[in-house]
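K.L.:
Here it is: the structure, laid out below.
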Amino acid sequence: MRLVWADEAKTDRFELIGFVETQSLINAIELDDRLDEAAERLLSFPHSGRLGRVHGTRELVIADAPYILVYAVEEREVVILRVIHGAQDWPPRDLT
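Letter 57 of the sequence shown, counting from 1, is numbered 61 in our numbering, and no numbers are missing.
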């Protein structure tokens, strides 16, 4: 299996880390590391996240952070689709 970050997930991650960095560079680095570690674990345990709210997806809650990786398990890939805040209104109406 290989890990793929979709463009929207890359944008979510970049914006999230940028925001956290304005408050604390150390916290931003730690959060980015947590996101990496969680995503990499999915390669070994791709079904460890709960069933997603959008058909065909799964959701992995990031430990000690209010963020969720929305992802899909494909034949040879785990695709990170979005990085969302747990309190975010998800999914958007156009995905339901």
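Glycine is no exception: its CB is placed at the ideal position from the N, C-alpha and C atoms. These numbers come from a predicted model, not from an experiment.
Helix or strand or just coil, what does DSSP make of E63?
P.N.:
Strand at E63.
K.L.:
Mapping the DSSP letters down to three states, classify V24 as helix, strand or coil.
P.N.:
V24 falls in the helix class under three-state DSSP.
K.L.:
Alpha carbon to alpha carbon, how far is F49 from L39? Give it in angstroms, no decimals.
P.N.:
Straight-line Cα distance between these residues: approximately 15 angstroms.
K.L.:
Out of R62, A69, L47, which has the shortest C-alpha to C-alpha gap to G90?
P.N.:
Of R62, A69, L47, the residue nearest in Cα terms is A69.
K.L.:
Per DSSP, which one or two residues make a beta bridge with A76?
P.N.:
Partner(s): V83.
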